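A short write-up of the structure that comes next.
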Amino acid sequence: MMNPDQSLRSAIQQTVQHLYGQDVEQLQLQPTNAEFEGSHTLVCFPLTKISKMKPEETAQAIGDHLVNHSGIVARFNVVKGFLNLVLHDRVWVEVLHDIAANKSFGQLPVSGREIMVEFSSPNTNKPLHLGHLRNIFLGWSVSELYKAIGYTVHRVQIINDRGIHICKSMAAWKLYGNGETPGSSGIKGDHLVGKYYVEFDKNYKAQVSELTAKGLSQEEAERQAPIMQLAVDMLRKWEAKDPETVALWSMMNGWVYDGFEATYRKMGVEFDKLYYESDTYLLGKEEVLKGVEAGIFFKKEDGSVWVDLTGDGLDQKVLLRADGTSVYMTQDIGTAILRFRDFPKIEGQVYTVGNEQEYHFKVLFLILGKLGYAWAKKCYHLSYGMVDLPTGKMKSREGTVVDADDLMQEMLEEAEKQTRELGKIEGLSDIEARELFEMIGLGALKFFLLKVDPKKRMLFDPNESIQLQGFTGPFIQYTHARIKAIQRKAATMNIMDSGVDFSTLNSLEPAERDILAVLAAYESKVMEAAQHYSPALIANYAYELAKAYNHFYQTVPIFNAEDPARLGFRIALSAAVADTIKKSMHILGIHVPDRM
RNA sequence: GGUCCGAUAGCUCAACUGGAUAGAGCAGCUGCCUUCUAAGCAGCAGGUUCGGGGUUCGAGUCCCUGUCGGAUCACCA
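Residue numbers for the first sequence follow the numbering used here, so the first one is 49 and each next one is one higher.
In structure tokens form, the structure reads like this:
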């Protein structure tokens, strides 16, 4: 009975079969609008074809039969073709009973299926920013969703540690760094390397304009700028495994990794395995060459290798340059194949990457399919929209990039400020207080970024993100903390000690029914969210649940319940809400406090 | 130019994949702390769902068309 929808569905199917002699697969059952009485509404228009009656008459007939024979429908009302059904209160009591008895409510049984989720995957030349935050929270949450529906999940990222971008930072550091290190400067490693990336850009620009002033063309000047030549030279040396260059590269990459690691720790995010492009691009190259032999790809006169996708409505795409070096696509081919070798049991991969790369992934999956990998069909590009600022797009050149570390710090400080103002840290130790600020600040940030449909471009307004009231993470955390207070009080009164039996209860408050209807929908919501790769559905669900509970909290004084069964029911109901809030927030990667 | 995505209240977002009078939060205005936490609750106000056609019992949702915004179509990653 955990899910009254199911029971109702089959009751309606039996009814339709009995009345009209036909089986109906697709029933349109939806939540009843708040203005009418009932919890479930059957849309009867589609049934008129087999009932051969008007919608109202069909609804009336089905309603009558359900009341007399289903055992779960108490009464009904008909509005136009809509049949609004009211379930017996004992049905709802049973629903709570089942949820309370089921420790793993919301967690589907382990299926033995495995999947890999890639997210974050930053370049190693600058620190993480707001865009990465959406990516990371999304990827994390989607992997939690997969876990919730019974998958074993492998979280990975690809580190873009190879290429000209890192060489730029290296060149600038070599020229202007004076041996500066994270240790000597006190600057976090990723930020330090980012500083030299900016330094590169500054000097590069200066040199280019100096050269164009001397009469060189823009293109020529860009090529001849000494600092660029140094960077290009370093890339060449790196590929030739020049020891000095490789040493500098590992040192600076190491700084960045340490910096990222600190940021991930603060976020509560970790990975099962990291892949490095410097390790996978050679495999990609091999695979491409095999593809040439097999006649899947072709070589042009200059020696470059191409794939022809005109048959798929796309263009020709280069896979290896004339000099034999690999491109972005080549690396991704290698990485994908390597991953399926490392984890033979995974059935597919989810790539959490911005929607500007939709074309790239379309091509990648096509190529993998052409190479004969059946799993190519199970690769999915979890594409998400850009995060805009009120001033428009983030641009590093204009210094409008919102740094991830800074932002998290600000959220934390705001959480602290507001918590102190509300006088909510009484009785907390310093450590507890700090944990609370982190939970709230980070919770607000994660929730803010996850509540929007991933596919959509979204606006990040700093003033709004910092809000802790309304449709926010802290609102939901607060609801959880409230219930915990109720439970503490109940514990001191020994209410639940003997395991109260509330099954005899046969009348409920409307607010209690409303909560149960939301609770009962949790598992199907999780499945839906997983299917759509959309944590936003869970965020909306958690909000709805918290709202339903707060309404109850404010209209029904829990401890005023006259008889023990009713009191026990309300405590159990509260506990089930707290538990479900905790679980859904866990899917979003958000912790909930016991007091705030 | 081709392809793809988007446009819903002043602002930020929902709307169970075609269902009822399109819902929330923020901002604005009214009330409610002597009962379990007011980071809350109740209420008011706010809409030509970008425009125009079509499909049907029924369209924010599907089709056609136009307008506006964005992404992409690199031997960059």
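We put the beta carbon where it would ideally sit given N, CA and C, even for glycine. Because the structure is a prediction, the values reported are computed rather than measured.
It is roughly 28 Å from the alpha-carbon of Lys503 to the alpha-carbon of Ser159.
By the 16-neighbour rule on beta-carbons within 10 angstroms, Asp363 is exposed. Its chain contains Leu556, Arg561, Leu564 as the residues whose beta carbon lies nearer than 7 Å to that of Trp140, once the 5 sequence neighbours on both sides are disregarded; these appear in chain order. When the Cα atoms are used, Met315 and Glu309 turn out to be separated by approximately 10 Å. Leu144 sits away from Phe600, with the two beta carbons spaced by 8 Å or more.
Beyond the five residues adjoining it in sequence on each side, Ala609 comes within less than 7 Å, by CB distance, of Leu615, Arg618 in the same chain, given in chain order. Taking a C-beta distance under 8 Å as the contact criterion, Val204 and Lys195 do not qualify as a contact pair. Taken atom to atom, the span from the alpha-carbon of Asp137 to that of Leu90 is near 19 Å. Restricted to the segment 111-147, the beta strand (DSSP E) segments that are unbroken, complete and at least 3 residues in length are 121-127, 130-135, listed in chain order. With contacts defined as CB atoms closer than 8 Å, Ile394 and Val336 fail to qualify as a contacting pair.
By the 16-neighbour rule on beta-carbons within 10 angstroms, Gly69 is exposed.
Straight across, the Cα-Cα distance linking Ala269 with Ala261 is about 10 Å. With fewer than three CB-CB distances shorter than 8 Å, the segment 476-484 does not count as touching the segment 162-174. The segment 214-227 makes contact with the segment 296-305: 3 or more CB pairs, one atom from each, lie closer than 8 Å. Between the beta-carbon of Glu73 and that of Asn208 there is about 48 Å, and that puts the pair past the 8 Å contact cut. Counting the other Cβ atoms within 10 Å of the Cβ of Leu178 gives 16 or more, which makes it buried.
In the three-state reduction of the DSSP assignment, Val317 falls in the coil class. Taking the C-beta atoms as reference points, Gln61 is found no nearer than 8 Å to Leu77.
For Leu412, the enclosing alpha helix (DSSP H) covers residues 406-418.
Look at Glu166 here: in three-state DSSP terms it is strand. Distance check between Ile275 and each of Lys289, Ala288, Leu259 places Leu259 closest, using alpha-carbon atoms only. Rounded to whole angstroms, Phe523 and Ala594 show a C-alpha spacing of 8 Å.
Leu497 is positioned such that its CB atom lies closer than 8 Å to that of Arg182.
By the Cβ neighbour-count rule, Glu462 is buried, with 16 or more other Cβ atoms within 10 Å of its own. Phe388 counts as buried, since at least 16 other C-beta atoms from the protein chains shown sit within 10 angstroms of its C-beta.
Between the alpha carbons of Ala596 and Asp627 lies a distance of about 15 Å. In the DSSP assignment, Pro79 falls within the beta strand (DSSP E) that extends over 77-79. Spatial neighbours of Phe550 in its own chain (CB-CB distance under 6 Å, excluding positions within 5 residues in sequence) are listed in chain order as Ala613, Gly616, Phe617.
Residue pairing by DSSP places Ser232 opposite no residue, since no beta bridge is assigned to it. DSSP places Glu395 inside the beta strand (DSSP E), whose first and last residues are 394-402. Annotation: Gln272 is outside any beta strand (DSSP E); the continuous alpha helix (DSSP H) that includes it extends over 266-272.
Secondary structure at His180: helix, using DSSP grouped into helix, strand and coil. In this structure, DSSP gives Leu322 an extended state, which the three-state scheme calls strand. DSSP places Arg389 inside the alpha helix (DSSP H), whose first and last residues are 376-390. Residues of the same chain with a CB within less than 7 Å of the CB of Lys494, apart from the 5 flanking positions on each side, are Phe185, Gly521, Leu636, Gly637, Ile638 in chain order. Note on geometry: alpha-carbon atoms of Gln277 and Glu571 lie some 58 Å from one another.
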